[in-house]
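The structure appears right after this line, and notes come after that.
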């Protein structure tokens with residue numbers, strides 16, 4: 013007997029980037045610098061201490077972690093305005109479970125993060141996208157017009173955007189918050205700042221706007237800047253009443269004692285861990301300059317990745333890079349590829365491979 017899978021899920025493939033065993037992995041925007049011996053030792057001690065009480069449930073409110081995250085973010089935040097979960101993916105799912113759902117609409121502007129429509133699907137939230145400009149910016153007038161016409165319950169806007177690396181100006185965020193607040197039904201603007209720590213000097217964070225906009229939510233992750241992709245810790249800052257709504261839909265004890273211990277240990281070493289961000293910024297900017305020097309079209313990036321093109325056959329280029337031991341991501345608009353920023357040695361390997369592939373193929377425009 014066939015299990016009665018939901019009709020809208022039949023024939024679909026699970027989300028996931030290729031996980032291949034190649035020398036240079038530059039496809040999922042990981043931090044290439046692992047935690048130092050001192051950080052690992054602190055994590056080991058913290059997990060060992062947590063292990064002594066694993067017969068008990070963890071702190072359901074993860075109070076210590078919320079307090080530490082509020083201190084880390086600053087901007088006058090406190091624990092009541094912080095929420096955390098197993099990666100920013102689960103944070104987003106909680107948001108749509110609580111503020112989306114049947115009869116409600118979530119909206120974004122393409123190209124955008126490919127998981128957003130899956131969060132909507134999984135929570136029975138209707139999904140719609142507007143479109144970005146040629147430079148991947150959002151035209152504010154067109155965005156406001158779409159929001160007025162469609163009246164979404166949740167607007168999801170990554171800044172920097174994934175897969176393009178484009179950051180949002182504060183004026184766009186404020187205007188959209190005001191437009192959503194003017195609807196009698198209300199609406200949340202969720203600014204996904206998974207890559208915010210990598211933004212260029214002078215690029216603002218939406219955290220600065222929280223005091224002015226009670227319907228603004230700013231999400232972050234420890235996967236990228238903190239080099240904790242394997243720990244699965246994401247979090248958000250928002251009004252206390254928004255966080256209270258998330259308590260209703262979360263699973264019991266959703267953050268394990270081990271996860272909380274690892275995250276707290278990493279936060280104690282935030283200065284050391286975030287120091288690698290500066291190195292990655294330098295490498296990113298050098299990569300953008302090199303790619304443009306080679307004649308490629310490159311999107312301005314405030315993230316730890318670069319979108320570049322254009323290719324008549326991007327899959328052929330992707331395969332050619334893979335044959336040289338370099339794995340990048342085939343994502344975004346047709347004709348473009350995305351490369352995560354790695355160590356200097358990894359980026360040198362990427363440059364060598366891309367030069368060889370494009371010199372021997374007709375795939376490059």
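Residue numbers (my numbering): 13 to 377.
The beta carbon of each residue, even a glycine, is placed where N, CA and C say it ideally should be.
Legend entry - 3 or more residues per run - each beta strand (DSSP E) lying fully within the segment 229 to 265: Within the segment 229 to 265, the complete beta strand (DSSP E) runs of at least 3 residues are 246 to 249.
Legend entry - Contact the segment 98 to 109 vs the segment 260 to 276: 3+ CB pairs below 8 Å: Contact holds: three or more Cβ-Cβ distances are below 8 Å.
Inset, instruction - List the whole-angstrom C-beta distance separating residue 314 from residue 212, where the pair is believed to meet the contact cut-off of C-beta under 8 Å. - result: Yes, residue 314 and residue 212 are in contact; Cβ-Cβ is about 5 Å, under 8 Å.
Legend entry - Straight-line gap, residue 369 to residue 33 (C-alpha atoms, nearest Å): Cα-Cα distance, rounded: 20 Å.
Legend entry - Collapsed DSSP secondary structure at residue 345 in the structure displayed: In the structure shown, residue 345 sits in coil (DSSP, three-state: anything other than H, G, I, E or B).
Inset, instruction - Would you decide whether residue 63 is buried or exposed? Buried here means 16 or more other CB atoms lie within 10 Å of its CB. - result: Answer is exposed; the Cβ neighbour count stays below 16.
Inset, instruction - Return the first residue and the last residue of the beta strand (DSSP E) that residue 170 is part of. - result: Residues 166 to 170.
Inset, instruction - Name, in chain order, the residues that DSSP records as bridge partners for residue 143. - result: Looking at the DSSP assignment, residue 143 forms a beta bridge with 122.
Legend entry - Rounded separation between residue 167 and residue 340 - CA only: Those two C-alpha atoms are separated by around 29 Å.
Inset, instruction - In angstroms with no decimal places, state the Cα-to-Cα distance between residue 53 and residue 278. - result: For residue 53 and residue 278, the distance between alpha carbons rounds to 11 Å.
Legend entry - Unbroken alpha helix (DSSP H) run spanning residue 308, endpoints: It is not in any alpha helix (DSSP H) - residue 308 carries neither H nor E in the DSSP assignment.
Inset, instruction - Compute the Euclidean distance between the alpha carbons of residue 225 and residue 186, then round it to the nearest angstrom. - result: Each residue's Cα considered, the two are about 8 Å apart.
Legend entry - Segment contact, 8 Å Cβ cut-off, at least three pairs: the segment 26 to 46 with the segment 326 to 346: Short answer: they touch.
Inset, instruction - Would you mind stating whether residue 257 and residue 110 have Cβ atoms separated by less than 8 Å? - result: Closer than 8 Å, so yes.
Inset, instruction - Tell me where the beta strand (DSSP E) around residue 203 begins and ends. - result: In this chain, the beta strand (DSSP E) harbouring residue 203 covers 200 to 204.
Inset, instruction - Return the residue from the list 182, 200, 198, 364 that minimises the CA-CA distance to residue 220. - result: With distances taken between Cα atoms, residue 220 lies closest to 182.
Inset, instruction - Apply the 10 Å Cβ neighbour rule to residue 70 and answer buried if 16 or more other Cβ atoms are within range, or exposed otherwise. - result: That one is buried.
Legend entry - Other residues of its chain near residue 4: CB distance less than 8 Å, five sequence neighbours each side excluded: In the structure as shown, the chain begins at 13 and stops at 377. Residue 4 is therefore absent and cannot be evaluated.
Inset, instruction - Can you check DSSP and say which residues form a bridge with residue 319? - result: Per the DSSP secondary-structure output, residue 319 pairs in a beta bridge with 350.
Inset, instruction - Along the alpha helix (DSSP H) that carries residue 15, what are the first and last residues, could you check? - result: Here residue 15 belongs to no alpha helix (DSSP H), and DSSP marks it neither H nor E.
Legend entry - Inter-residue CB distance, residue 169 and residue 203 (contact presumed, cutoff 8 Å): With a Cβ gap of about 6 Å, residue 169 and residue 203 count as contacting.
Inset, instruction - State buried or exposed for residue 366, treating a residue as buried only when at least 16 other CB atoms are found within 10 Å of its CB. - result: With 16 or more Cβ atoms within 10 Å of its Cβ, residue 366 is classed as buried.
Inset, instruction - Along the beta strand (DSSP E) that carries residue 94, what are the first and last residues, could you check? - result: Residues 94 to 97.
Legend entry - Of the listed residues 172, 326, 300, nearest to residue 363 (C-alpha basis): The shortest Cα separation from residue 363 among 172, 326, 300 belongs to 300.
Inset, instruction - Determine, using beta-carbon pairs with one atom in the segment 115 to 126 and one in the segment 148 to 160, whether at least three such pairs fall under 8 Å. - result: Enough Cβ pairs lie closer than 8 Å, so yes.
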